[in-house]
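Enquirer: Taking my numbering, I'd label the letters of the sequence shown as residues 2 to 686. Below: one structure in structure tokens.
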Amino acid sequence: SQGGVNSQGVNNNYFYNRYNVRSNLDIQATKNLSLRMDVSTRYMDINQPSNQNVTADIFNYNDFHPFSAPFINPNGSFAYAFDTQGQLPTLNALLASGGYTRDRRTDFNALLGFDEKLNDITEGLALTGRLAYSSQQESVLTLNHAFANPPSYHYNPTDGSYLLNTGPNGGGYVEGVWSSSGYPDLDIQNVDAQVYFSYDRTFARAHHFNSLLLWHEQTTRNDDNPLLAQVAAVPSKFRGYSLKIGYDYKQKYLVDLNAALNGSDRFHAQKRNGFFPAVGLGWNIAKEKFFGDVLPKVNLFKLRATYGVVGSDVAPGNQYLYQQVYNNGSNYSFGQQPQGQATVYEGPLGNNNVTWSKSRKTDFGLDMNLFGDKLSSTTDYFHEYVFDQLVTPGNVPLILGIGLSPTNVGITTNQGWEETLTWSATAGKVFYSIGIVYTHNRNKVIYEAEASPRYPWLAVTGHQINQPFGYIFQGYYTQDDITSGKVAKPNTAAPPVAGDIKYKDLNGDGVIDQNDEQAIGRPNIPNTTVGLPIKLGYKGFDLSILFQGAFQYSLSAIGTGIEPFQSQWQPIHQDAWTPTNTNPKFPRLTTDPTTINSPTNYMSDFWLVNAHYIRLKTVDLSYQLSKKSLPFHLASARIYLSAYNLITWTNVWKKYQTDPEAQSNTVGDAYMNNRVLNVGIQVGL
Numbered sequence: 002s003q004g005g006v007n008s009q010g011v012n013n014n015y016f017y018n019r020y021n022v023r024s025n026l027d028i029q030a031t032k033n034l035s036l037r038m039d040v041s042t043r044y045m046d047i048n049q050p051s052n053q054n055v056t057a058d059i060f061n062y063n064d065f066h067p068f069s070a071p072f073i074n075p076n077g078s079f080a081y082a083f084d085t086q087g088q089l090p091t092l093n094a095l096l097a098s099g100g101y102t103r104d105r106r107t108d109f110n111a112l113l114g115f116d117e118k119l120n121d122i123t124e125g126l127a128l129t130g131r132l133a134y135s136s137q138q139e140s141v142l143t144l145n146h147a148f149a150n151p152p153s154y155h156y157n158p159t160d161g162s163y164l165l166n167t168g169p170n171g172g173g174y175v176e177g178v179w180s181s182s183g184y185p186d187l188d189i190q191n192v193d194a195q196v197y198f199s200y201d202r203t204f205a206r207a208h209h210f211n212s213l214l215l216w217h218e219q220t221t222r223n224d225d226n227p228l229l230a231q232v233a234a235v236p237s238k239f240r241g242y243s244l245k246i247g248y249d250y251k252q253k254y255l256v257d258l259n260a261a262l263n264g265s266d267r268f269h270a271q272k273r274n275g276f277f278p279a280v281g282l283g284w285n286i287a288k289e290k291f292f293g294d295v296l297p298k299v300n301l302f303k304l305r306a307t308y309g310v311v312g313s314d315v316a317p318g319n320q321y322l323y324q325q326v327y328n329n330g331s332n333y334s335f336g337q338q339p340q341g342q343a344t345v346y347e348g349p350l351g352n353n354n355v356t357w358s359k360s361r362k363t364d365f366g367l368d369m370n371l372f373g374d375k376l377s378s379t380t381d382y383f384h385e386y387v388f389d390q391l392v393t394p395g396n397v398p399l400i401l402g403i404g405l406s407p408t409n410v411g412i413t414t415n416q417g418w419e420e421t422l423t424w425s426a427t428a429g430k431v432f433y434s435i436g437i438v439y440t441h442n443r444n445k446v447i448y449e450a451e452a453s454p455r456y457p458w459l460a461v462t463g464h465q466i467n468q469p470f471g472y473i474f475q476g477y478y479t480q481d482d483i484t485s486g487k488v489a490k491p492n493t494a495a496p497p498v499a500g501d502i503k504y505k506d507l508n509g510d511g512v513i514d515q516n517d518e519q520a521i522g523r524p525n526i527p528n529t530t531v532g533l534p535i536k537l538g539y540k541g542f543d544l545s546i547l548f549q550g551a552f553q554y555s556l557s558a559i560g561t562g563i564e565p566f567q568s569q570w571q572p573i574h575q576d577a578w579t580p581t582n583t584n585p586k587f588p589r590l591t592t593d594p595t596t597i598n599s600p601t602n603y604m605s606d607f608w609l610v611n612a613h614y615i616r617l618k619t620v621d622l623s624y625q626l627s628k629k630s631l632p633f634h635l636a637s638a639r640i641y642l643s644a645y646n647l648i649t650w651t652n653v654w655k656k657y658q659t660d661p662e663a664q665s666n667t668v669g670d671a672y673m674n675n676r677v678l679n680v681g682i683q684v685g686l
């Protein structure tokens, strides 16, 4: 193909065109009434190869070896992986000749609003209304060769001959017939309405009151795939009433009272509404005379405490959890001459008592500005107790013969602390600022109605949310271990041999199976995150740098992400077990993906990396030209350089060649963070 258009005139190149239209209209209708109308539309036209998913084969050694085929043969024909069993055409052949997928999407947003000052009733009172509408609609057009790969050839440099690919994925001498299809892919609509009274007033220059009374309603309809949906999507609805009352005395003593009454259509009418109160207290001790006499350069020393209950209606399963549902099943044959008949089967039992999941949140904080505001600090300790959490019970015997809807029985906790420190000052004509943002938290499952485990180490309760489970690595089997009847082994179709991973037999029954799994490592979400923002300024120059780090989490890869003869060869494979290398970093190399060495089937702490990374996330350097030096009567001009994801330091690469932010138990081929450099000039007229 040339310029994205192949020999048959089909444009299968990647491109993305976007057209934006935006209008903001503000009207001062009367002295006290202002109106607002904002409208924006974004139209997107996206084209990509129809065979885009074949890029996953890059990581698959079974499909492509590093030197399976050239990019293209000397005579311009497509090549194929001659040395593999599948004998697939090369990726560029599949991408260039497989047609395209065309997505056309329209996003529309509209906001109507008004603000009415009610000072005639009392000073500081106002009425505000907002009505927002948004929609996303997308249609897809595809053009491809139905179940046909392009013709491809193996070039023999010895005699200059070309061998047609007649293997299982060969395309013959001519390309297949084009097949096209079109369908709606997305239809989402949201309506959000708010009306609220607000009151903000200060009396006698000391007593400050503020309050808010809000009505809020939201309706969402989401047809993720309108063509395949059996019925039209039913809108989900939310309605809430909120009240906030705040008071402070000279910014010294602060009180906030909040209450919300929220309703969701996910629950039965009698369980639909939830009441969620909260209170916050603050004391800026720096405003006290006795404190100022002792520490006059401390401008802020505020103690804060908040406590409240919040709710969530997010739950797995049917939209209406209280309803008993019946689903269409597969056909069932009856009679001596069987004829298929449609079937209906009973879905999970409805639960009339299902209601809001609740969380009691407590926070204690300290805000400080020291040394003439050069050093600012914000410290928070938080504790969250989640109860009535919606989980599907696992402690009901399967003899019941039917599924269960989520029930409000789960309990989890989460606690930790956050710290933000910033030092800002000047040294001569140089301004500089350096900060640190630190967050550490730890959660725990108190109860989730799990089935009673056969052994205590199999229990999820008591561990962190999404705690990984697996086997305990104990080295590698030796030949003596294989012949010994005293060494535990798995009952697998492929018996273990010397060089395979050996795991701990937790229950001592001589067999390695699921009863020997226990909690290993940490969840895939970091417990600790750190940010380090740095700023420098000198005359017209400005420099901003941000380092980002994450610690205390585990990461693993499976399949083509790490396993030999499935993944492409990786550095750690060079230190695999051999009869002469009995202290390796990797087990013996095998083409069998079902052995005990496979993390897909036998996840263990051997495959987990206690991961961390530090990333130079952003760098922004700019220079503001002086107005006197600007030509053409320009008002301003700024030259800038920006960079993203410049450098990453991580221990993940010692085992896996993947991004440290990849998800565990995947092949690790998610789209990695790009290193981006931008250079530009910004002018103002």
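Backbone N, C-alpha and C fix where the C-beta goes; we use that ideal spot for every residue, glycine too. Values in this document were obtained by computation on a predicted structure and should not be read as measured data.
In terms of residue numbering, what span does the alpha helix (DSSP H) encompassing residue 292 cover?
Expert: 290 to 295
Enquirer: According to DSSP, is residue 574 part of a helix, a strand, or is it coil?
Expert: helix
Enquirer: Could you pull out every residue in the same chain whose Cβ sits closer than 7 angstroms to the Cβ of residue 70, ignoring the five residues on either side in sequence?
Expert: Excluding positions up to five away in sequence, the list reads 80, 81, 82, 83, 91.
Enquirer: Residue 21 and residue 37: beta carbons closer than 7 angstroms?
Expert: no
Enquirer: Smallest Cα separation from residue 114: which of 348, 374, 134?
Expert: 134
Enquirer: Determine the extent of the alpha helix (DSSP H) in which residue 426 is found, giving its start and end residues.
Expert: Segment 408 to 428 is the beta strand (DSSP E) holding residue 426; no alpha helix (DSSP H) there.
Enquirer: Does the region 250 to 257 come into contact with the region 333 to 342, if we say contact requires no fewer than three beta-carbon pairs (one atom in each stretch) closer than 8 angstroms?
Expert: no
Enquirer: Select from 572, 503, 199 the residue whose C-alpha is nearest the C-alpha of residue 654.
Expert: Measuring from the Cα of residue 654, the nearest candidate turns out to be 572.
Enquirer: Counting C-beta neighbours from all protein chains within 10 Å, is the total for residue 563 16 or more, i.e. buried, or is it exposed?
Expert: Buried, because 16 or more other Cβ atoms sit within 10 Å of the Cβ of residue 563.
Enquirer: Counting C-beta neighbours from all protein chains within 10 Å, is the total for residue 501 16 or more, i.e. buried, or is it exposed?
Expert: buried
Enquirer: Going by the beta-carbon positions, is the gap between residue 551 and residue 468 smaller than 7 angstroms?
Expert: The Cβ atoms of residue 551 and residue 468 lie no closer than 7 angstroms to each other.
Enquirer: Can you tell me whether residue 172 is buried or exposed? The criterion is at least 16 other CB atoms within 10 Å of its CB, across all chains shown.
Expert: buried
Enquirer: Residues in the same chain with beta-carbon distance under 8 angstroms from residue 170, minus the five sequence neighbours each way, listed in chain order, please.
Expert: 81, 87, 88, 89, 90, 150
Enquirer: Under DSSP, the alpha helix (DSSP H) around residue 97 begins and ends at which residues?
Expert: 92 to 98
Enquirer: Provide the residue(s) that pair with residue 308 in DSSP beta bridges, ordered along the chain.
Expert: Beta-bridge pairing links residue 308 to 280, 363.
Enquirer: Measuring only the C-alpha atoms, how far is residue 461 from residue 117?
Expert: 55 angstroms
Enquirer: To which residues of the same chain is residue 547 closer than 6 angstroms at the C-beta, ignoring the five residues directly before and after it?
Expert: 534, 618, 619
Enquirer: Using alpha carbons as the reference points, say which of 414, 397, 212, 616 lies closest to residue 453.
Expert: 397
Enquirer: When the Cα of residue 598 is compared with those of 524, 680, 576, 495, which residue comes out closest?
Expert: 495
Enquirer: For the alpha helix (DSSP H) containing residue 484, name the first residue and the last one.
Expert: 480 to 484
Enquirer: I'd like the list of long-range same chain contacts for residue 200, defined as Cβ closer than 6 angstroms, with 5 residues on each side in sequence excluded.
Expert: 125, 126, 212
Enquirer: Throw me the rounded Cβ distance for the residue 532 and residue 553 pair, which I believe falls under 8 angstroms.
Expert: Actually they are not in contact, since the Cβ atoms of residue 532 and residue 553 sit about 16 angstroms apart, beyond 8 angstroms.
Enquirer: For residue 119, collect the residues of the same chain with a Cβ closer than 7 angstroms to its Cβ; drop the 5 residues on either side in sequence, then sort them by chain order.
Expert: Within the same chain, residue 119 has close Cβ partners 126, 127, 128.
Enquirer: Note down, in chain order, each residue of its chain lying with its Cβ closer than 7 angstroms to the Cβ of residue 672, except the 5 sequence neighbours on either side.
Expert: none
Enquirer: Note down, in chain order, each residue of its chain lying with its Cβ closer than 6 angstroms to the Cβ of residue 419, except the 5 sequence neighbours on either side.
Expert: 381, 440
Enquirer: What number of angstroms, rounded off, separates the C-alpha of residue 139 from the C-alpha of residue 588?
Expert: 48 angstroms
Enquirer: Which residue's Cα is closest to the Cα of residue 328: 349, 29, 219?
Expert: 349
Enquirer: Would you call residue 487 buried or exposed, if buried means 16 or more other Cβ atoms sit within 10 Å of its Cβ?
Expert: exposed
Enquirer: Could you tell me whether the region 206 to 224 touches the region 236 to 253, using the rule of 3 or more Cβ pairs below 8 angstroms?
Expert: yes
Enquirer: If you measure between the beta carbons of residue 400 and residue 448, is that distance less than 7 angstroms?
Expert: no
Enquirer: How would you write the range of the beta strand (DSSP E) that residue 621 sits in, first residue to last?
Expert: Membership of residue 621 in the beta strand (DSSP E) is indicated by the continuous run 610 to 625.
Enquirer: If you scan the region 534 to 561 from start to end, which runs of the beta strand (DSSP E) of 3 or more residues do you find wholly inside it?
Expert: 542 to 556
Enquirer: How about residue 432 and residue 538: are their beta carbons less than 7 angstroms apart?
Expert: For residue 432 and residue 538, yes; Cβs fall inside 7 angstroms.
Enquirer: Does DSSP classify residue 229 as helix, strand or coil?
Expert: With a pLDDT of only 47 at residue 229, under the threshold of 50, the placement of this residue in the model should not be trusted, and no figure is reported.
Enquirer: Which parts of the region 298 to 342 are runs of the beta strand (DSSP E), unbroken and 3 residues or longer, counting only runs that do not cross its ends?
Expert: 301 to 313, 327 to 335
Enquirer: May I have the straight-line CA-CA distance separating residue 311 from residue 32, to the nearest angstrom?
Expert: Answer to the nearest angstrom: the Cα atoms are 39 angstroms apart.
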